[in-house]
Ligand SMILES: Nc1ncnc2c1ncn2[C@@H]1O[C@H](COP(=O)(O)OP(=O)(O)O)[C@@H](O)[C@H]1O
Ligand SMILES: [Mg+2]
């Protein structure tokens with residue numbers, strides 16, 4: 010399939026030189042954007058309302074971007090393969106650079122936005138670079154909470170869901186409980202959990218696990234209930250035992266639903282993570298953001314937000330990657 | 007003493023539908039299916055053909071009456087009776103190869119029989135498609151794969167519920183020939199549900215004609231034609247008109263010597 014697509018792109022490249030040329034221009038765009046942003050940054054004077062930046066990190070960052078754009082452009086001239094990938098992304102990269110430049114103009118250059126809440130990019134980058142080791146410490150703390158809590162929640166959720174789907178007696182006693190306790194946002198348990206767990210870390214981990222657990226449980230059970238009966242019947246006629254059917258028919262068939270549950274749970278777990286850190290912890294990115302906000306250090310708040318969004322982005326990307334690996338068989342069947 | 011084959015006697019089977027009414031799906035069914043024969047069940051939809059197959063498979067249980075396979079009561083599904091559903095029920099999460107290997111793995115006899123999987127992939131002409139997923143193949147190929155999956159563990163009996171119903175006419179005729187080839191090679195007892203009269207006459211030793219409300223057998227027709235059968239021979243057409251009349255279609259007798 011991928012081969013076909015690749016060759017299609019190549020033939021259109023050959024048969025429509027005008028089109029190819031116009032796209033080749035797009036690979037220059039990031040260079041133009043970065044150069045323009047650099048000229049604006051160095052050319053216009055900084056507004057007097059902003060505290061004077063000690064280091065010109067943003068200018069430095071733009072230089073790095075410019076260098077990258079240049080390297081990408083040159084690579085594109087020599088490698089057709091790289092160019093086809095790069096030229097479709099290039100306008101987007103240019104857009105990002107222009108957006109950063111706009112931020113630069115609105116903050117450092119003109120101070121059109123309130124100076125206290127919208128610090129210059131130099132200062133935000135400054136925090137990221139100068140506070141790096143401390144932010145890393147917070148990052149590791151958050152990641153550990155997130156990973157341990159998520160894994161516990163996912164494992165318990167899948168197990169509970171499978172048991173609910175296959176064992177009627179278990180469902181009879183447990184499902185009402187799941188229905189009543191599950192929808193409560195896990196952060197609402199905070200007052201109770203804080204006093205019943207020995208440490209803040211264990212309490213936070215538990216809440217993150219709880220946040221992942223509920224949607225995973227419900228959707229896993231749902232997935233199992235929705236499996237067409239003939240799959241089970243045909244497995245039986247092939248001599249499969251009950252346990253074999255659970256692991257080789259029930260669970261794989263419920264996988265797509267399971268991943269939707271895990272995805273929902275992951276989103277809920279981010280909320281729980283940040284809230285837990287803001288309320289109870291003495292470390293972590295959520296705590297860092299909250300603490301800096303109280304100190305009115307908004308440059309640090311933005312730095313924290315950037316790191317936080319990176320965590321979430323990486324985590325979701327990891328989950329999607331896992332899903333694509335596990336659900337290869339779904340390629341072209343369902344998309345969500 | 008009953009030796010060999012399937013024996014169905016005095017079967018009654020009722021269902022309760024959504025409106026809580028009792029439906030008599032089968033009444034007074036008596037049928038003997040000799041070992042190694044090929045039997046077709048034919049009749050309008052709702053006459054209980056699938057139910058007969060499901061009873062033999064052990065997926066449903068009769069209200070009264072007995073079903074035996076080689077003298078032993080049929081109680082639950084087992085790998086001695088392969089089942090092929092109308093819609094291919096290949097597992098979408100397994101490749102064709104793993105689908106076909108499923109029954110061997112489920113019975114924990116895969117290791118010593120791994121080569122059998124390739125043999126059956128070959129047998130149904132799917133060589134080169136082992137690593138495809140079901141949705142990447144055509145309907146006909148999927149039916150071949152489910153056929154291979156149903157027979158890879160050498161069942162004594164193969165139950166086929168309208169196996170080629172969803173296929174186009176040409177693919178269907180091809181599949182009928184392949185089914186006959188496999189039947190001869192493997193010497194299995196086959197019972198096939200169909201609503202295609204030609205298909206029934208083309209492949210079967212005996213054709214069980216059924217009628218609905220309540221589901222019952224109205225006639226068992228033995229097809230005494232040598233194989234391979236010509237689909238347009240006079241004898242074939244005679245069987246055809248006979249069965250159609252049993253099913254209350256085609257009131258006029260055909261004249262074997264008519265000219266176009
Ligand atoms: N699980 C079931 N629940 C209720 N009614 C059923 C069920 N299975 C079959 N029936 C009824 O039994 C009758 C025979 O069904 P079936 O064996 O599927 O017929 P056929 O395969 O000949 O079309 C039909 O009237 C059908 O509605
Ligand atoms: Mg049917």
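Protein chains in written order, with this note's numbering: chain H, 10 to 345; chain R, 7 to 266.
Ideal Cβ positions, reconstructed from N, Cα and C, are used throughout, including at glycine.
Please read these numbers as outputs of a predicted model, since none were measured by experiment.
Just curious, the beta strand (DSSP E) that residue 158/H is in, first and last residue? Membership of residue 158/H in any beta strand (DSSP E) is not indicated; the residue belongs instead to the alpha helix (DSSP H) covering 141–175.
Just the C-alpha distance for residue 227/R and residue 234/R, rounded to the nearest angstrom, thanks. Distance between the alpha carbons of residue 227/R and residue 234/R: 18 Å.
Is it the case that the CB of residue 199/R approaches a heavy atom of ligand 1 more closely than 7 Å? For ligand 1, a non-hydrogen atom lies closer than 7 Å to the CB of residue 199/R.
Could you pull the start and end residues of the beta strand (DSSP E) that residue 308/H belongs to? From DSSP, residue 308/H is part of no beta strand (DSSP E) but of the alpha helix (DSSP H) over 307–335.
Per-residue contacts from residue 243/H into chain R (C-beta, under 7 Å): Going along chain R in sequence order, the residues near residue 243/H (Cβ under 7 Å) are 89, 91, 95.
Return yes when the Cβ of residue 139/R is within less than 8 Å of the Cβ of residue 338/H, no when it is not. For the pair residue 338/H and residue 139/R, the CB atoms are nearer than the 8 Å cut-off.
When we look at the beta-carbon of residue 291/H and count the other beta-carbons within 10 Å, is it buried (16 or more) or exposed? If you draw a 10 Å sphere on the C-beta of residue 291/H, you find fewer than 16 other C-beta atoms in it, and that means exposed.
Return yes when the C-beta of residue 31/R is under 7 Å from any heavy atom of ligand 1, and no when it is not. The answer is yes for residue 31/R.
Would residue 113/R count as contacting chain H if we go by Cβ distances under 8 Å? Interface residue, yes.
Taking residue 169/R as the reference, which of 151/R, 161/R, 160/R has the closest Cα? Proximity to residue 169/R across 151/R, 161/R, 160/R peaks at 151/R, based on C-alpha coordinates.
Say whether chain R places a C-beta atom closer than 8 Å to the C-beta of residue 102/H. Not closer than 8 Å to any Cβ of chain R, the Cβ of residue 102/H fails to qualify, so no.
How many angstroms separate the CA atom of residue 47/R from the CA atom of residue 241/H? So the two alpha carbons sit approximately 24 Å from each other.
Taking just the CA atoms, how far does residue 165/H sit from residue 208/R? Per the coordinates, the alpha-carbon of residue 208/R lies some 56 Å from the alpha-carbon of residue 165/H.
Quick one: does the C-beta of residue 55/R sit closer than 7 Å to a heavy atom of ligand 2? It does: the Cβ of residue 55/R is within 7 Å (strictly closer) of some heavy atom of ligand 2.
Compare the C-beta of residue 348/H with all C-beta atoms of chain R and state if any pair is closer than 8 Å. No statement about residue 348/H is possible, as the shown extent of chain H runs from 10 to 345 and does not include it.
Using the Cα positions of residue 104/R and residue 26/R, report the straight-line distance between them to the nearest angstrom. In a straight line, the C-alpha of residue 104/R is about 41 Å away from that of residue 26/R.
Indicate the three-state DSSP secondary structure (helix, strand or coil) for residue 187/R in the structure shown. Three-state DSSP puts residue 187/R in a helix.
Write down the C-beta distance between residue 214/H and residue 270/H rounded to the nearest angstrom, noting that I regard them as a contact closer than 8 Å. The pair is not a contact, with the Cβ atoms about 19 Å apart (cut-off 8 Å).
Pairing CB atoms from the segment 194–204 of chain H with CB atoms from the segment 227–239 of chain H, are three or more of them under 8 Å? Put simply, the segment 194–204 of chain H does not touch the segment 227–239 of chain H. Fewer than three CB pairs are less than 8 Å apart.
Taking a contact to mean a Cβ-Cβ separation below 8 Å, would you say residue 89/H touches residue 35/H in this structure? Contact flag unset, no.
CB of residue 145/R to nearest heavy atom of ligand 1: below 7 Å? No, since every heavy atom of ligand 1 falls outside the 7 Å radius drawn around the Cβ of residue 145/R.
Going by the C-beta, is residue 167/R closer than 7 Å to any heavy atom of ligand 2? Yes - ligand 2 has a heavy atom lying nearer than 7 Å to the Cβ of residue 167/R.
Does chain H have any CB closer than 8 Å to the CB of residue 116/R? Cβ-Cβ to chain H under 8 Å: no for residue 116/R.
Taking three-plus beta-carbon pairs below 8 Å as touching, is the segment 316–332 of chain H in contact with the segment 268–283 of chain H? Contact between the segment 316–332 of chain H and the segment 268–283 of chain H is present, because at least three Cβ pairs lie under 8 Å.
Would you identify the three-state DSSP class for residue 113/R, choosing helix, strand or coil? Coil.
Thinking residue 184/H and residue 131/H are a contact (beta carbons under 8 Å), I'd like their distance in whole angstroms, please. Rounded, the Cβ-Cβ distance is 56 Å, inconsistent with contact.
Compute the minimum distance between the beta carbon of residue 170/R and the heavy atoms of ligand 1, and state whether it is under 7 Å. No.
At a cut-off of 7 Å, would you count residue 34/R as near ligand 1, judging by its Cβ distance to the nearest heavy atom? No; taking the cut-off as 7 Å, the Cβ of residue 34/R has no heavy atom of ligand 1 nearer than that.
Beta-carbon proximity of residue 293/H to residue 303/H, cut-off 8 Å: It is not a contact, given that the beta carbons lie outside the stated cut-off.
Using a Cβ-Cβ cut-off of 8 Å (strictly less than) and excluding sequence neighbours within five positions of residue 296/H, which residues of its own chain qualify? Result list for residue 296/H: 147, 286, 287, 290, in chain order.
Am I right that residue 114/H and residue 49/H are in contact with their C-beta atoms under 8 Å? What's the rounded C-beta distance? Taking the Cβ atoms as the reference, residue 114/H lies roughly 7 Å from residue 49/H, within the contact range of under 8 Å.
Touching by the beta-carbon criterion (3+ pairs, under 8 Å), the segment 43–58 of chain R and the segment 189–203 of chain R: As far as the Cβ criterion goes, the segment 43–58 of chain R touches the segment 189–203 of chain R, which means the pair count is three or higher.
I'd like to confirm something about residue 241/H: is its beta-carbon nearer than 7 Å to some heavy atom of ligand 1, or not? Residue 241/H: no, Cβ never under 7 Å from ligand 1.
Along chain H, in chain order, which residues have C-beta atoms closer than 9 Å to that of residue 65/R? By Cβ distance, chain H contributes 242, 245, 246.
Residue closest to residue 247/H, alpha-carbon to alpha-carbon, out of 131/R, 157/R, 60/R: In this structure, 157/R is the residue among 131/R, 157/R, 60/R with its C-alpha nearest to the C-alpha of residue 247/H.
Nearest residue (CA-CA) to residue 11/R, options 97/R, 110/R, 161/R, 135/R: Distance check between residue 11/R and each of 97/R, 110/R, 161/R, 135/R places 161/R closest, using alpha-carbon atoms only.
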